[in-house]
Amino acid sequence: MASNFLLTSCTTISSSQSKFSQPPSKIFFRTKRIDNFKVNCEIKNSNTINDDDNEGKSFPGKLDRRNVLLGLGGLYGASNLIGVSNEPFALGAPVPPPDFSTCSTASLPDGSQVPFSCCPPLPKDLTNIPTYKLPNVLKVKIRPAAHNVTQEYITKYNTAIHKMKSLDKDDPLSFIQQANIHCAYCNSGYKELGFPGVPLQVHFSWLFFPFHRWYLYFFERILGSLIGDDTFALPFWNYDSQVGMQFPSLYNDVNSSLYDPNRNQNHFPPNVIDLGFTTIDLDASDQQKINNNLTMMYRQMLTNAPCPQLFFGNPIRGGEQLIRGMGTIENVPHNSVHRWVGNPNNKFRENMGTFYSAARDPIFYAHHANVDRMWTIWKTLGGKRRDFNDKDWLDSAFLFYDENRTLVKVTVQDCINNEKLGYKYENVPIPWKNYKPVPRKQKVKKNPKNVKPSTEIFPSTLKRTLSFSIKRPNISRTQQEKDIEEELLVFNNMTFDETEYIRFDVFINEDEGVKAKVLDRTEYVGSFANLPHVHAAGNNTGSSGGAPAVMSLAISEILEDLGLEDEEEIVVVVVPQFGGKEITIASVEINTLACAN
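FYI, in UniProt numbering the residues of the sequence shown are 1 to 597.
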């Protein structure tokens, strides 16, 4: 499924001749089951998720619930024996928790095995895993901005990490076991419970935000328990503001437990972070980097994220094969920050530069605290920016050890309110909120007749900059029509070498000589960024060995700002920044999308 997963209710005009037997708006719903049993899947259009009001109905991208009951058979009983389903999985299609009993060796981006086990220690009893009950919150703690912390805080944090690193390596609370959580969940160490042929992956979909929120929640509570301070709160690295666009100094002391030698030594202060970093440092002034960073944050949080499905990413349901569709923030800046911190002298830029080792660097948790902070901010920006109310999302589950070394099950629905989890973020300036890009001074409409239509360009690799025209489904839309549906520029069925770093930028109303280093202008639409990773062998579908990916960019605001609302065709330019020869885009189209409820 793509990030625009409600497309059965959308108007679609393809700019490329489809290679499929169905139009693209239906392709996104044809998920491939890779279980070891057959389930009759019936997918219909519906935006409602109330089971009581919709008994017997199917939902977008969901399985018919009665068919699941018939198809699961003995596996449904098996999942109950594991003891993690208070509500039978067969009544819906949420992603189930991992099957700890079958945890296997995780894989490196090149497909070889990680040279150590990422699997957690097993509890004595796997048949009775309790559901986690949130403790009463007497006072909401404040996660501080990393650049604002006091020496007293740094000492406390360093002590907590030191104690965690001093625990036995087989202790589920030890630093190495906590780091291995990310390795097992993100590098194909786990299979979905009840679906032994389906690897569990928490990236590239709507699981990204809730998984990492729970991950940080327990990590933070464990640190607090080790120093006897239940008020302890993790810091966040607010690289989305000028004051935080350098590597936080509390992580730079070589004698501190917060230090990791496996970092890019060329990126320490006074270097300014590049939130679009590829692997090559941008040849631009610090001010231009800051301008670009603020522009990308505006695009990813506001322009390109007016709907839940664009911000959170693809829906993924139990037993389905993943079709990659990252949410805006997971794409950029999340992936770019991982690359910027990782050590370029290591094969996969370990530690931060690749999933399996990323959490071995303490900066990982400050990075993801800021990513989590973006979730809290996004919901305050108005419009239709709200959490999904899809039951399959809310009921998706994970397993974690709590601070008492008890393995517990948690669900998405219990983490969507961060203050119920007992924390919020320090109130700091958010400059990107008011950093709306402006058109270049000489605004000239590009003539679509001067470039080839996308039907003559795609499918294509990105060995060079591509310029093409593309038709729009509707022109001169009223404000009411815009409020109902967003206009999207969609890159379909992208296949690429997932072991490579890849980034490309997208512009509207530009020519092939576009100054791609300068992003602070209206013509810049957005970027795609890949962080090297791997999926389990035998479950790949892309021509380059990975699951296909989709990227959707919201363009309604940009067309308004460029004065192109009445144009039947527009000119799009795609600029490869790194790894373009490794990616193939099957087609590009413009469609409209109704935001999910």
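Beta carbons are placed, not taken as given, at the ideal position from N, Cα and C, and that holds for glycine.
- Rounded to whole angstroms, the separation of the alpha carbons of Phe504 and Val490 is 14 Å.
- Across the set Asn418, Thr278, Val572, the C-alpha of Val572 shows the shortest separation from the C-alpha of Ile457.
- The alpha carbon of Leu234 has as its nearest neighbour, out of Leu134, Leu250, Thr127, the alpha carbon of Leu250.
- For the pair Lys436 and Ser527, the Cα-to-Cα distance works out to about 17 Å.
- In this model, Arg386 and His182 are separated by some 27 Å (Cα to Cα).
- If you check the CB distance, Val371 and His212 come in under 8 Å.
- Secondary structure note for Gly197: its beta strand (DSSP E) is the uninterrupted segment 195 to 199.
- Between Thr411 and Asp395, the C-beta spacing is below 8 Å.
- DSSP places Asp505 in the uninterrupted beta strand (DSSP E) bounded by 502 to 508.
- Here Gln577 carries a strand assignment [DSSP, helix/strand/coil].
- If the five residues before and after Asp99 are omitted, its C-beta is found closer than 6 Å to the C-beta atoms of Lys191, Leu193, all from its own chain and listed in chain order.
- Under the three-state reduction of DSSP output, Glu403 falls in the coil class, being neither helix nor strand.
- Here the C-alpha atom of Pro199 lies approximately 31 Å from the C-alpha atom of Lys379.
- Take Asp170, set aside five residues on each side of it, and the residues of its chain with a beta-carbon closer than 6 Å to its own are Pro121, in chain order.
- Using a Cβ distance threshold of 8 Å, Thr295 and Leu519 count as a contacting pair.
- In the three-state reduction of the DSSP assignment, Thr150 falls in the coil class, being assigned neither a helical nor a strand state.
- Taking every protein chain shown into account, the CB of Val332 has 16 or more other CB atoms within 10 angstroms, so this residue is buried.
- For Arg324, DSSP records a beta bridge to Ala549.
- For the pair Pro97 and Asp483, the Cα-to-Cα distance works out to about 37 Å.
- A direct Cα-Cα distance of roughly 31 Å separates Ile161 from Tyr501.
- In this structure, the CA atom of Pro532 is about 6 Å from the CA atom of Pro109.
- Between Trp432 and Asp286, the beta carbon gap of about 17 Å keeps them out of contact (Cβ cut-off 8 Å).
- For Ile363, the enclosing alpha helix (DSSP H) covers residues 363 to 378.
- By the criterion of a C-beta distance shorter than 6 Å, Ala305 is surrounded in its chain by Phe311, Thr328, once the five residues flanking it on both sides are discounted.
- Pairing Leu559 with Gln151, the inter-Cα distance amounts to about 49 Å.
- Under DSSP, the beta-bridge partners assigned to Gln113 are Ser107.
- When DSSP states are grouped into helix, strand and coil, Met296 belongs to the helix group.
- With three or more CB-CB distances shorter than 8 Å, the region 334 to 346 counts as touching the region 268 to 277.
- Nearest Cα to Pro269 within the set Phe247, Thr278, Ile280, Asn345: Phe247.
- Between His147 and Val254 a beta carbon distance of about 19 Å is seen, past the 8 Å cut, so the two are scored as non-contacting.
- For the pair Glu567 and Pro473, the Cα-to-Cα distance works out to about 11 Å.
- Pairing Phe219 with Phe364, the inter-Cα distance amounts to about 12 Å.
- Per DSSP, the unbroken beta strand (DSSP E) holding Ala529 starts and ends at 524 to 530.
- Straight through space, the alpha carbons of Leu462 and Asn238 are spaced by roughly 32 Å.
- Secondary structure at Ala358: helix, using DSSP grouped into helix, strand and coil.
- Scanning its chain for C-beta atoms nearer than 8 Å, with the 5 sequence neighbours on each side dropped, one finds around Ile430 the residues Asp240, Ser241, Ile377, in chain order.
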